[in-house]
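Chemist: Those letters in the sequence shown? Residues 2 to 231, by the numbering used here.
Ideal placement from N, C-alpha and C gives every residue a C-beta, glycine not left out.
Since we're looking at a predicted model, the values are computed, not measured.
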Amino acid sequence: MEFGGSGEDSFVAVVVTKLTGALLFILLLTMVIMALIPKAVDLPKPGAGADEGPKLAIVTPAQLPEAIAGRPYAVALSATGGKGPLSWSVMGELPEGIKVDTKTGILGGTPLKGMTQPSPLTLSVGDGLSRATATTTLVVYKPDAPLGFASRFKPALPPVPWRSWAENGFGFLVVALVGVVGMSALADLERRLGNPSRRRFLAYRMFVGGATLLATVVLAIWLWKPPFQV
2 MEFGGSGEDS FVAVVVTKLT GALLFILLLT MVIMALIPKA VDLPKPGAGA
52 DEGPKLAIVT PAQLPEAIAG RPYAVALSAT GGKGPLSWSV MGELPEGIKV
102 DTKTGILGGT PLKGMTQPSP LTLSVGDGLS RATATTTLVV YKPDAPLGFA
152 SRFKPALPPV PWRSWAENGF GFLVVALVGV VGMSALADLE RRLGNPSRRR
202 FLAYRMFVGG ATLLATVVLA IWLWKPPFQV
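#1: By alpha-carbon positions, which one of L87, T111, S90, K104 ends up nearest to Y74?
#2: Alpha carbon to alpha carbon, how far is A51 from K84?
#3: Can you tell me which of L24, T31, P121, G82 puts its alpha carbon nearest to the alpha carbon of L65?
#4: Please classify P55 as buried or exposed, where buried requires at least 16 other C-beta atoms within 10 Å of its C-beta.
#5: Would you list, in sequence order, the uninterrupted beta strand (DSSP E) runs of no fewer than 3 residues that lie entirely inside the stretch 48-82?
#6: I need the boundaries of the beta strand (DSSP E) containing I99, first residue and last residue.
#7: Can you tell me the Cα-Cα spacing of R72 and K100, whole angstroms?
#8: To the nearest angstrom, how far is the alpha carbon of P96 from that of E67?
#9: Could you tell me how far apart the beta carbons of V140 and M116 are, in whole angstroms, since I believe they sit closer than 8 Å?
#10: Rounded to the nearest angstrom, how far is the Cβ of D128 from that of L87, given a contact under 8 Å?
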């Protein structure tokens, strides 16, 4: 037995069917739109990733070039990486006369005396954001010859090697010339005075001759056995 439906039921069924289709269409459209929208990705933080340069590091060797007491010395401390201007510092017992330029990293000066063993140093450099440290050593040797003396009137001229100058015989020549000049001056003074006291001038001649002989002996001993060197 079949029962006929009313017109209201048919209307409700049609409305429900259309609403269901509309909802399905909206759902499909929403899914398509979501699929087309690109997904969000995590962006790198400012100053990170590609903007980061190489890490700050000191590349100065573990043993600095040797210095010699009394002679100018200079070595440039070096580092890689970092940003901005570098600032250097050295911790440890620097040889007397040696200093470091904090801006340029130049370690230099004129060491005043030799050392019995290398001096351990700790190098430190910073760029304002990071800092690096490294250890090194510096040794100052004693000179193998007496130090020279720079020209007071012309500082640009190199120091005069007094020992080499004296070893070539010029020292003895100067002493001899001074003795001859002294004796000649005494003889000329004696002639000018006419009849001076011979005993007094004899003492003068003995003094000049003794001083010349003493200077010659001292110079010979100095050349044979050099004085203590630092």
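Modeler: Checking against the coordinates, here is how it stands:
#1: It is T111 whose Cα lies nearest to the Cα of Y74.
#2: Confidence at A51 is low in this model, with a pLDDT of 46, below 50, so the placement of that residue is unreliable and no value is reported for it.
#3: Residue P121 is the option with its Cα nearest to L65.
#4: exposed
#5: 74-77
#6: 99-101
#7: 14 Å
#8: 12 Å
#9: 6 Å
#10: 6 Å
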